[in-house]
Amino acid sequence: MTPASQLRVLRRLTSIELVGSLMYRTQFAVYMVSTVVSIMVGLFIWLRVGESGGDLPVDREFIVTYYLMLAVVRTLVSTWHSEFLAQVIRKGELNAWLARPGSYILNLLANNFSEKIVKMSTILPMLGVIWWFYRDQFALPTEISRWLLFIPALVGAFVLEFCLTTTIGSLGFWMDENSGIARSRHVIAMALSGELVPLALYPAWATTFLDIQVFRFTMSFPLEVLLTDLSSQQLVAGFVLQFAWLVAIVMVCRFTWQRGLHAYSGIGA
Amino acid sequence: MQSDPQVDAVIRVQNLTKTYTFHQQQSGLIAAIKSLFHRQMETRLAVDAISFAIRRGEVVGFLGPNGAGKTTTLKMLSGLLYPTSGELSVLGHIPQKRASEYLRRISLVMGQKTMLWWDVTPMDTLLLHKDMYGLSDDLFQESVAELTQLLDVADLLHVQVRKLSLGQRMRMELMVALLHRPEIVFLDEPTIGLDVVAKANVRTFLAELNRTRGTTIIITSHDMDDIEALCERVIMIDHGRIQFDGRLPDLVQRMQPRKLVRVAYAAPVSAEQCPEGARFEDEDGTVLVIESLREELAGLLQHLGALGDIQDLSVNDADLDDVLRDFFTNGGEVRS
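Protein sequence lines, in the order shown, are assigned to chains L and B.
Heads up: the first sequence begins at 3 in the numbering used here, then just goes up one per residue.
Heads up: the second sequence begins at 5 in the numbering used here, then just goes up one per residue.
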């Protein structure tokens, strides 16, 4: 298939998936409430630490803006299909896709896009309410250059997340159960991506490791590009590292998928 | 009997083999704990060095008991599974490479797996297939109009799939699968779960498709009526090996060389005058049933005609279900 026809299929699949996602909009709304609550807990804790005289390397304004934007970035970047993909493989539901020219990966992308549309439509009003209470401390950058750099960092973060999730899901070609690995990865990612705690708040001795590990580039890096004064050198180093991780993870994902198809048994008719 | 690969074959299979590897799972807590440290792997031979060729326009039925290897063969032919060894060529392509050019020329219909999206209408899936297969607007409109008429689904195109009955859904599955006018259609249990009328509709449609478009059809089914209605050739697979490859009447003749003759007379006939092996089906002695070898049939009919006034006469092959039961309980041996 040509890239143009793949885009047409992706657009069509996204509209089909969107219809399905809208049927579960209440479930998504509940899920987004839990997302907002977990992020707000982090916000309140660090604000309290600051108010109690804690020696934080960031100010109150950064914490408010970081956590509100984290909710947006997390919704746009997070992928959740690893257990679903493994189940599709184990039940032989991949059969219908393998006999057609369209790739199942396109369907996974469409599923993610459609759910993001529904999730964003439910989370933005909730964030609007929180923003109202903290609007004096919420400060987005006005420089256009930061936003222009934020977009590729965000796209890179999504592709990294998508490929990591797809790789773990592809383990379903060999494993009866991959949920343990998927959940372990989720917990590690929460700690190392900046979701639980901004990476800027970690102790100094951990900085080198935190700066180069893959999970930084799935969430924290786009926020750093947008909200902190990274030097040109730091920006270049960050994008180079993100690109290097991207190439590596895309190759691993592709390799796992291709090897998995060799091992596929198409069970269940 | 196995056919040699034909020069004009669209499917060529040579020594095709597929093995599955899986771990043995014992029941119980202790076995579960043991399996944490040591897993016993097992290899199962699903398809064992089979060879055959299929010509363009043929309708071929794959028959065999559950686990015989027929669906695995179908999956390898359609590119779903990688063969363990052997050679496989369909329309000049190696199926497992799953090249777009190949997938555009075939279609796979699985009775137990859907290609339709439940939350939207069949038309949404048709439009998706239009993009997926790169169909022009004209071809799409033409194909939809033709299939809508053949399958009688005009009133179903815009109904949410989850609201369709099983029979209606299968007709839509066929429509979606045939939209791009494939040269070869692989059907895995296409009538499973359908009622008698829906089954008949599907069979009629497939026969028409083969007749009008010359589409090659490969079908697996446990329903012998499907096979009888559609297939001029059957390939019997058991324990992964081909046990018979030939015309359906030849199989019946080999397995059941006798014909079943049933004669209804206007008045009771004398038992003493009846040929050996005959039995009366009723109490008053007017309906006679007897089995006969094909080569002795002419003489037998002459004899039966002399017994009295015949009101009704039928000469039938054995029931295909009986033939297959006989075949598989004999360990897949074809009588010579």
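All residues carry an ideal CB built from backbone N, CA and C; glycine is no exception.
A quick note: this is a predicted structure, and the numbers were derived from the prediction, not measured.
Chain B residues whose Cβ lies nearer than 7 angstroms to that of residue i
i: Pro103 (chain L); result: Ser104, Leu107, Arg108, Met136 and Tyr137
i: Ile18 (chain L); result: Trp121, Val124, Asp128 and Leu132
i: Ser7 (chain L); result: Asp135 and Gly138
i: His188 (chain L); result: Ordered by position in chain B, no residue passes the 7 angstroms Cβ test against His188 (chain L), which lies about 23 angstroms from the chain.
i: His264 (chain L); result: Tyr86
Inter-residue spacing [alpha-carbon to alpha-carbon] between residue i and residue j
i: Ile170 (chain L); j: Ile41 (chain L); result: 25 angstroms
i: Glu177 (chain B); j: Asn19 (chain B); result: 32 angstroms
i: Phe241 (chain L); j: Ser234 (chain L); result: 11 angstroms
i: Leu248 (chain L); j: Ser80 (chain L); result: 15 angstroms
i: Leu194 (chain L); j: Val75 (chain L); result: 15 angstroms
i: Ala250 (chain L); j: Ala159 (chain L); result: 14 angstroms
i: Glu280 (chain B); j: Ile239 (chain B); result: 36 angstroms
i: Ser123 (chain L); j: Gly32 (chain B); result: 48 angstroms
i: Glu285 (chain B); j: Leu292 (chain B); result: 6 angstroms
i: Thr25 (chain B); j: Thr47 (chain B); result: 4 angstroms
i: Met253 (chain L); j: Leu166 (chain L); result: 11 angstroms
i: Val66 (chain L); j: Val90 (chain L); result: 40 angstroms
i: Ser7 (chain B); j: Leu120 (chain B); result: At Ser7 (chain B), the pLDDT of 47 sits below 50, so the modelled position is not reliable; the number obtained from the coordinates is stated separately. Near 37 angstroms, if we compare the C-alpha coordinates of Leu120 (chain B) and Ser7 (chain B).
i: Arg173 (chain B); j: Asn97 (chain L); result: 18 angstroms
i: Val163 (chain B); j: Gly22 (chain L); result: 15 angstroms
i: Leu132 (chain B); j: Gln236 (chain L); result: 45 angstroms
i: Met5 (chain B); j: Leu107 (chain B); result: Reliability fails at Met5 (chain B), whose pLDDT of 44 lies under 50, so the model's placement of it is uncertain and the value that follows must be treated cautiously. Cα-Cα distance, rounded: 31 angstroms.
i: Ile269 (chain L); j: Phe217 (chain L); result: 35 angstroms
i: Val200 (chain B); j: Val206 (chain B); result: 10 angstroms
i: Arg43 (chain B); j: Ile37 (chain B); result: 10 angstroms
i: Met221 (chain L); j: Asp57 (chain L); result: 25 angstroms
i: Pro253 (chain B); j: Ser140 (chain B); result: 43 angstroms
i: Arg10 (chain L); j: Thr4 (chain L); result: 10 angstroms
i: Tyr269 (chain B); j: Leu81 (chain B); result: 53 angstroms
i: His307 (chain B); j: Asn320 (chain B); result: 18 angstroms
i: Ile146 (chain L); j: Phe64 (chain L); result: 19 angstroms
i: Lys118 (chain L); j: Gly196 (chain L); result: 20 angstroms
i: Ile18 (chain L); j: Ile214 (chain L); result: 39 angstroms
i: Leu49 (chain L); j: Ala6 (chain L); result: 48 angstroms
i: Trp149 (chain L); j: Val238 (chain L); result: 16 angstroms
i: Phe175 (chain L); j: Glu299 (chain B); result: 57 angstroms
i: Ala271 (chain L); j: Met114 (chain B); result: Per-residue confidence for Ala271 (chain L) stands at a pLDDT of 44, beneath the threshold of 50, marking its modelled position as unreliable; the derived number appears in the next sentence. Going by the C-alpha atoms only, they are around 7 angstroms apart.
i: Tyr136 (chain L); j: His188 (chain L); result: 29 angstroms
i: Gly250 (chain B); j: Gly65 (chain B); result: 10 angstroms
Contact under 8 angstroms by Cβ, residue i with residue j
i: Leu156 (chain L); j: Leu78 (chain L); result: yes
i: Leu12 (chain L); j: Arg102 (chain B); result: no
i: Leu130 (chain B); j: Val180 (chain B); result: yes
i: Met127 (chain B); j: Leu161 (chain B); result: yes
i: Gln116 (chain B); j: Glu193 (chain B); result: yes
i: Thr168 (chain L); j: Leu110 (chain L); result: yes
i: Val63 (chain B); j: Leu234 (chain B); result: yes
i: Pro261 (chain B); j: Leu297 (chain B); result: yes
i: Val14 (chain B); j: Ser55 (chain B); result: no
i: Leu78 (chain B); j: Leu328 (chain B); result: no
i: Thr219 (chain B); j: Val265 (chain B); result: no
i: Ile110 (chain B); j: Pro186 (chain B); result: yes
i: Thr21 (chain B); j: Val51 (chain B); result: yes
i: Leu304 (chain B); j: Glu212 (chain B); result: no
i: Pro200 (chain L); j: Tyr68 (chain L); result: yes
i: Thr208 (chain B); j: Asp230 (chain B); result: no
i: Pro59 (chain L); j: Ala208 (chain L); result: no
i: Ile183 (chain L); j: Leu173 (chain L); result: yes
i: Leu162 (chain L); j: Phe86 (chain L); result: no
i: Phe30 (chain L); j: Val131 (chain L); result: no
Closer than 8 angstroms at the beta carbon, the chain L residues around residue i
i: Thr118 (chain B); result: Ala98
Amino acids of chain B, ordered along the chain, whose beta-carbon sits closer than 9 angstroms to that of residue i
i: Gly268 (chain L); result: Thr75, Thr76, Lys79, Leu84 and Leu85
Per-residue contacts from residue i into chain L (C-beta, under 9 angstroms)
i: Leu112 (chain B); result: Asn97, Ala98, Leu100, Ala101 and Arg102
Interface partners of residue i on chain B, CB under 8 angstroms
i: Val11 (chain L); result: Leu132, Asp135 and Met136
Partners in chain A for residue i, counting only beta-carbon separations shorter than 7 angstroms
i: Met3 (chain L); result: In summary, chain A is missing from the structure at hand, where the protein chains are L and B.
So within the region 51-104 of chain L, which uninterrupted alpha helix (DSSP H) runs reach at least 4 residues, ignoring any that extend past its ends?
62-79, 84-92 and 97-100
Going along the region 14-40 of chain L in order, which residues come within less than 7 angstroms of chain B, judged by CB to CB distance?
Arg14, Leu15, Ile18, Val21, Gly22 and Met25
Identify each residue in the region 37-58 of chain B for which the Cβ-Cβ distance to at least one residue of chain L is less than 8 angstroms, and report them in chain order.
none
Beta carbons nearer than 8 angstroms to chain L: which residues of the region 261-277 of chain B have them?
none
Beta strand (DSSP E) runs contained entirely in the region 190-254 of chain B, provided each spans 3 or more residues:
220-224, 237-242 and 245-251
Mind pulling the beta strand (DSSP E) runs of 3 or more residues that sit fully within the region 24-71 of chain B?
45-59 and 63-67
Report the residue ranges of all alpha helix (DSSP H) runs contained in full by the region 171-207 of chain L; include only those spanning at least 4 residues, in chain order.
181-194
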